[in-house]
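> Take 32 as the starting number for the sequence shown in this note's numbering and just add one per residue. The beta carbon of each residue, even a glycine, is placed where N, CA and C say it ideally should be.
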Amino acid sequence: MAFKELNPLLHSELRLAVMSILVGVGEADFVFLKQETGATAGNLSVQLDKLEKAGYLTIEKSFKGKRPCTRCRITEKGTSAFEEYVNALESYIKRP
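Dropping the structure here:
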């Protein structure tokens, strides 16, 4: 019985953390994600960009008054990829 391949995009600690959060809440702003993951702003930006380019989340930039606001929302493709990743991990854990 072969192991299921783990999605290399989600096999990064920070990207997996972001996806885990978004699976739970659906959408979150940059400040919340930064706070919850403990990531630096620069690293979080880079990882969000990779997830957006893969189609796993959408990023919407706007302003609240004079302050920038970046919101991230998980996509259907992102939810499916996350579920496949979790299922692959379960196959490792449940392996006899």
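Looking at the structure shown, is Glu107 part of a helix, part of a strand, or coil, going by DSSP?
helix
> Could you name the residues of the same chain whose beta carbon sits closer than 7 Å to that of Ala112, not counting the 5 residues immediately before and after it, in chain order?
Asn38, Leu41, Tyr87
> Leaving out five residues on either side along the sequence, give the residues of the same chain with a beta carbon under 7 Å from the beta carbon of Thr101.
Once the five neighbours on either side are set aside, the close Cβ partners of Thr101 are Asp60, Phe61, Ile90, Lys92.
> Are the Cβ atoms of Ala48 and Glu67 separated by less than 9 Å?
yes
> Considering only residues of the same chain and omitting the five flanking positions on each side of Gln78, which have a CB-CB separation below 6 Å?
Leu45, Arg46
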